[in-house]
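Peer 1:
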Amino acid sequence: MKAISATGLVATFNEAGVLDLADVHLARTLATLSGDDNPEVALAVALTMRAWRTGSPCLDISRADALGFDDRQDVAPQLTGLPWPDPDAWLTTLQASPLIGRPHDRRPLCLDGDLLYLRRTWEAQAGVVDALAARWRAEPPHGEPVGDDVVDSVLTQWTTVLTGGPGTGKTTAIARLLEAVSDRFTRVAVAASTGKAAARLSQALQNLPGAPRPSTLHALLGARGPGRPMEHGPENPLTADLVIVDELSMVSLPLMAACLRALRPTTRLLLVGDPGQLASVEAGAVLADLVGAGVTAGAATDAPLVHTLTHVYRHGGALARLSVAVAAGQVDDALTVVDAGAPAVTLIDRDAAGLTWADLPGVAAQVRATAAAARSAAESGDAVNGLRILDDHRLLCAHRAGPYGVATWARRVAELTAPAGQTPTSWWAGRAVLATARTPDLGVVSGDQGLAVATAAGLRLAFDDPSGVAPRLLPLTAVPGLATLDAMTVHKAQGSQYRAVTVILPPLDSPLLVRPLLYTAMTRASEKLTIVGTRAQLRAGLETTPTRASGLAAALRAACS
1042 MKAISATGLV
1052 ATFNEAGVLD
1062 LADVHLARTL
1072 ATLSGDDNPE
1082 VALAVALTMR
1092 AWRTGSPCLD
1102 ISRADALGFD
1112 DRQDVAPQLT
1122 GLPWPDPDAW
1132 LTTLQASPLI
1142 GRPHDRRPLC
1152 LDGDLLYLRR
1162 TWEAQAGVVD
1172 ALAARWRAEP
1182 PHGEPVGDDV
1192 VDSVLTQWTT
1202 VLTGGPGTGK
1212 TTAIARLLEA
1222 VSDRFTRVAV
1232 AASTGKAAAR
1242 LSQALQNLPG
1252 APRPSTLHAL
1262 LGARGPGRPM
1272 EHGPENPLTA
1282 DLVIVDELSM
1292 VSLPLMAACL
1302 RALRPTTRLL
1312 LVGDPGQLAS
1322 VEAGAVLADL
1332 VGAGVTAGAA
1342 TDAPLVHTLT
1352 HVYRHGGALA
1362 RLSVAVAAGQ
1372 VDDALTVVDA
1382 GAPAVTLIDR
1392 DAAGLTWADL
1402 PGVAAQVRAT
1412 AAAARSAAES
1422 GDAVNGLRIL
1432 DDHRLLCAHR
1442 AGPYGVATWA
1452 RRVAELTAPA
1462 GQTPTSWWAG
1472 RAVLATARTP
1482 DLGVVSGDQG
1492 LAVATAAGLR
1502 LAFDDPSGVA
1512 PRLLPLTAVP
1522 GLATLDAMTV
1532 HKAQGSQYRA
1542 VTVILPPLDS
1552 PLLVRPLLYT
1562 AMTRASEKLT
1572 IVGTRAQLRA
1582 GLETTPTRAS
1592 GLAAALRAAC
1602 S
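Counting from 1042, one number per residue, gives the positions in the sequence shown under the working numbering.
(1) In the DSSP assignment, the alpha helix (DSSP H) including Asp-1190 goes from what residue to what residue?
(2) According to DSSP, simplified to helix, strand and coil, what is Arg-1161?
(3) Quick one: what does DSSP say Val-1386 is sitting in, helix, strand or coil?
(4) Rounded to whole angstroms, what's the CA-CA distance from Leu-1502 to Val-1082? Just pull it up for me.
(5) Taking 8 Å as the limit between beta carbons, can you name the residues of its chain near Arg-1598, skipping five residues before and five after?
(6) Please state whether DSSP places Ala-1566 in a helix, a strand or coil.
(7) Quick one, which of Leu-1593, Leu-1437, Leu-1363 and Cys-1438 has its alpha-carbon nearest Val-1386's?
(8) Determine the extent of the alpha helix (DSSP H) in which Ala-1473 is found, giving its start and end residues.
(9) Roughly how many angstroms lie between the CA atoms of Asp-1064 and Arg-1453, to the nearest whole one?
(10) On the three-pair Cβ rule with 8 Å, is the stretch 1428-1443 touching the stretch 1516-1523?
(11) From the DSSP output, read off the bridge partner residues of Tyr-1539.
(12) Measure the alpha-carbon distance for Leu-1218 versus Val-1353 and round it to whole angstroms.
(13) In whole angstroms, give me the CA-to-CA distance for Gly-1206 and His-1348.
(14) What are the start and end residues of the beta strand (DSSP E) that includes Asp-1153?
(15) Can you list the beta strand (DSSP E) stretches of 3 or more residues lying completely in the stretch 1340-1379, in chain order?
(16) Should Asp-1315 be labelled buried (16 or more other beta-carbon atoms within 10 Å of its own) or exposed?
(17) Can you tell me where the beta strand (DSSP E) holding Phe-1504 begins and where it ends?
(18) Ordered along the chain, which non-local residues of its own chain (more than five positions away) have a Cβ less than 6 Å from that of Met-1297?
(19) Going by DSSP, what residues sit across from Thr-1204 in a beta bridge?
(20) Pull up the distance between the alpha-carbon of Ala-1461 and that of Asp-1400, whole angstroms please.
(21) Looking at Gly-1582 and Leu-1559, is the spacing between their C-beta atoms short of 8 Å?
(22) What do you reckon, are the CB atoms on Ala-1381 and Ala-1375 nearer than 8 Å?
(23) Could you give the first and the last residue of the continuous beta strand (DSSP E) run that contains Leu-1123?
(24) Name the DSSP beta bridge partners of Thr-1530, please?
(25) Taking contact to mean at least 3 C-beta pairs separated by less than 8 Å, is the stretch 1488-1503 in contact with the stretch 1415-1425?
(26) Have a look at Glu-1276 and Asp-1189 and give me their C-alpha separation to the nearest angstrom.
(27) Specify the secondary structure class of Thr-1053 as computed by DSSP and reduced to three states.
(28) Which one or two residues does DSSP pair with Cys-1300 in a beta bridge?
(29) Does DSSP put Asn-1426 in a helix, in a strand, or in coil?
(30) Provide the residue span of the alpha helix (DSSP H) that contains Leu-1102, from first to last.
(31) Thinking just about the alpha-carbon of each residue, which of Ser-1591, Ser-1602, Pro-1481 and Ser-1293 is nearest to the one in Leu-1152?
(32) Exposed or buried, which one is Gly-1096 when buried takes at least 16 other CB atoms within 10 Å?
(33) Any idea what DSSP makes of Thr-1604, helix, strand or coil?
(34) Determine the closest residue to Leu-1492 out of Gly-1443, Arg-1556 and Ala-1414, with distance taken between C-alpha atoms.
(35) Taking the C-alpha atoms as reference points, what is the distance between Arg-1540 and Thr-1070?
(36) Among Pro-1557, Ser-1075 and Thr-1089, which one has its Cα closest to the Cα of Thr-1588?
Structure representation (structure tokens):
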């Protein structure tokens, strides 16, 4: 959006679509407060805000034009011809600015080498590095190995990272660990990044005697709402002897810092996730950075910090081959799987913009069937089965708006599924919604799905309970920021699994047409994947791998050496 008050370089980059109003506002505010009106400093401040807003903890001055993608933009910014400052001269200018300091001072921004951070983001990164390095230097714990790599790692080192793609046995490894250490640790805490992921983990562990009930990471740490500190921290640490965090790819840098602050020095930590997935919506790519750091588990051992599972046990065949090929960046192998004609993977080779349901009869049938079954369960008051049925099919988009976005496709789904006389925003038994904000008092986090169900007291909104017990029934108006679940972004689908998935590919000029987004979307499907988009769009997405500017991996390497 064009900022009328922008001037100089900031105005030029704003008009090109690189900078948004928030970026311009921060640059202008800090320039006014500091008296530094240098246009190159203002540009650096605005670009650092953009980097943070789009998920990068910092701005790499040496390659500032390598922009992270902004999921609010339908098309990529026009970078050709923009007057980017010379990096060396730019760094010299920034070093002289009263706005910008070095590590450990208190200026609003921090310049660490070529990387420019908002101060609070640099402090979060430093907190993660300091905590992990302290655990790395500590004398290793004394544990008797049992002959299982993951279990032995947790028993003999303070921090362990477990990675793997879908179906490689990460959840099984967690269950195996819990069973093996049940008599060794008094208190164990298990958490995931979203309520949906926690609920799935609860279901997987429900037959394990004595297994702890998973919660969201926010709930485990005692989140009190925006701007307020967590209940658990250095002065009130978690009492757990072992903490397991699942779906780490979705954990932001500030949340990782908060988690580490809440641990006692003698607490074992197991971090689990898939580094091929999209990184967190907020700033940071913690899992990818931990993998990329390449450090050992401790100063006194050559054992690796990261253990990777590679064998695919779940949903074999085409879906497994596709996920492995995409994760490895093997574009031709991935396209060979798509072209093979297996029932589990279908490409509808047409641009999604302008398509009607007549062009997508198979998808339309899945949408209708899932909605009808969920409505039937909801009308009978069966919240458990209603919520389960919602996972039979999900339509995923990269964009929020436009012909390829959630707004358009949600409207189209509503045309197929809303009862006669109802609008997409009115309430009826069977209407599915998505939480877009965190409501700590109700235990609802962004990404949780709800279903309106009939009860003796009237319609109520059912949400899965992360601990795996009966769904919570809330008043329809209790949860703010609800959106329709008729279609959702790929980001919101992380941590979830659906029997069938339909993916709407963005256009060729979209900044969101990237491999991590396609991989995340594809691996949400356990039985059937339908891709709506041209083969050229699919290839372009598989060939494009964005990077988030981050200093975490390098800083961790330096600290653990």
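No residue lacks a Cβ here, since even glycine has one placed at the ideal position from N, Cα and C. Quick caveat: nothing in here was measured; it's all calculated off a predicted structure.
Peer 2: Working from what's here:
(1) Here residue 1190 refers to the residue found at position 149 of the sequence shown. Where Asp-1190 is concerned, the enclosing alpha helix (DSSP H) stretches over 1190-1197.
(2) Reading the sequence shown from its first residue, position 120 is the one you call residue 1161. Three-state result, Arg-1161: helix.
(3) Numbered from its first residue, the sequence shown carries residue 1386 at position 345. Strand, per DSSP.
(4) Taking the sequence shown and counting its residues from 1, one reaches residue 1502 at position 461. Taking the sequence shown and counting its residues from 1, one reaches residue 1082 at position 41. Each residue's alpha carbon lies about 49 Å from the other.
(5) Position 557 of the sequence shown holds residue 1598. Contacts found: Ala-1334, Gly-1335 and Val-1336.
(6) Position 525 of the sequence shown holds residue 1566. In this structure, Ala-1566 counts as strand in the three-state DSSP scheme.
(7) Here residue 1386 is taken as the residue at index 345 of the sequence shown, counted from 1. Considering only alpha carbons, the answer is Leu-1363.
(8) Here residue 1473 corresponds to residue number 432 of the sequence shown, with the count starting at 1. Here Ala-1473 belongs to no alpha helix (DSSP H); instead the beta strand (DSSP E) covers 1473-1476.
(9) The sequence position of residue 1064 within the sequence shown is 23, counting from 1. The sequence position of residue 1453 within the sequence shown is 412, counting from 1. So the alpha carbons of these two residues sit roughly 34 Å apart.
(10) no
(11) On the sequence shown, position 498 is the one that residue 1539 refers to. Ala-1566, per the DSSP bridge assignment.
(12) Here residue 1218 refers to the residue found at position 177 when the sequence shown is read from its first residue. Here residue 1353 refers to the residue found at position 312 when the sequence shown is read from its first residue. Approximately 19 Å, taken between the alpha carbons.
(13) Residue mapping note: residue 1206 aligns to position 165 of the sequence shown, counting from 1. Residue mapping note: residue 1348 aligns to position 307 of the sequence shown, counting from 1. Cα to Cα, Gly-1206 sits roughly 12 Å from His-1348.
(14) Indexing the sequence shown from 1 puts residue 1153 at position 112. It spans 1150-1153 - the beta strand (DSSP E) in which Asp-1153 sits, taken as one unbroken run.
(15) 1347-1350
(16) Translated into the one-based positions of the sequence shown, residue 1315 becomes position 274. It is buried - the Cβ of Asp-1315 has at least 16 other Cβ atoms within 10 Å.
(17) Locating residue 1504 in the sequence shown gives position 463, counting from the first residue. Its beta strand (DSSP E) spans residues 1499-1504.
(18) By one-based count along the sequence shown, residue 1297 stands at place 256. Result list for Met-1297: Val-1169 and Val-1327, in chain order.
(19) By 1-based counting over the sequence shown, the position of residue 1204 is 163. Answer is Gly-1314 and Thr-1349.
(20) Reading the sequence shown from its first residue, position 420 is the one you call residue 1461. Reading the sequence shown from its first residue, position 359 is the one you call residue 1400. Distance between the alpha carbons of Ala-1461 and Asp-1400: 23 Å.
(21) The residue you call residue 1559 lines up with position 518 of the sequence shown. The residue you call residue 1582 lines up with position 541 of the sequence shown. Yes.
(22) Counting from one through the sequence shown, the residue named residue 1381 turns up at place 340. Counting from one through the sequence shown, the residue named residue 1375 turns up at place 334. No, Cβ-Cβ distance for Ala-1381 and Ala-1375 is not below 8 Å.
(23) Taking the first residue of the sequence shown as 1, we reach residue 1123 at position 82. No beta strand (DSSP E) holds Leu-1123; DSSP gives it neither H nor E.
(24) To locate residue 1530, count along the sequence shown from 1; it is residue 489. The partner list for Thr-1530 (beta bridge, DSSP) reads Cys-1438.
(25) yes
(26) On the sequence shown, position 235 is the one that residue 1276 refers to. On the sequence shown, position 148 is the one that residue 1189 refers to. Each residue's Cα considered, the two are about 35 Å apart.
(27) Residue mapping note: residue 1053 aligns to position 12 of the sequence shown, counting from 1. Correct three-state label for Thr-1053: helix.
(28) By 1-based counting over the sequence shown, the position of residue 1300 is 259. For Cys-1300, which the question treats as bridged, DSSP gives no partner whatsoever.
(29) Translated into the one-based positions of the sequence shown, residue 1426 becomes position 385. In this structure, Asn-1426 counts as helix in the three-state DSSP scheme.
(30) One-based indexing of the sequence shown puts residue 1102 at position 61. It is worth fixing the name first, because residue 1102 is Ile in this sequence and not Leu. No alpha helix (DSSP H) contains Ile-1102, which DSSP labels as neither H nor E.
(31) Against the sequence shown, residue 1152 aligns to sequence position 111. Here the closest residue by C-alpha is Ser-1591.
(32) Numbered from 1 along the sequence shown, position 55 holds the residue referred to as residue 1096. Gly-1096 comes out buried.
(33) With the chain covering 1042 to 1602 only, the question about residue 1604 has no answer from this structure.
(34) Walking along the sequence shown from the start, residue 1492 turns up at place 451. Of the candidates Gly-1443, Arg-1556 and Ala-1414, the one whose C-alpha sits nearest the C-alpha of Leu-1492 is Ala-1414.
(35) On the sequence shown, position 499 is the one that residue 1540 refers to. On the sequence shown, position 29 is the one that residue 1070 refers to. Rounded to whole angstroms, Arg-1540 to Thr-1070 spans 49 Å at the Cα level.
(36) Start at 1 with the first residue of the sequence shown, and residue 1588 comes out as number 547. Among Pro-1557, Ser-1075 and Thr-1089, the Cα nearest to that of Thr-1588 belongs to Pro-1557.
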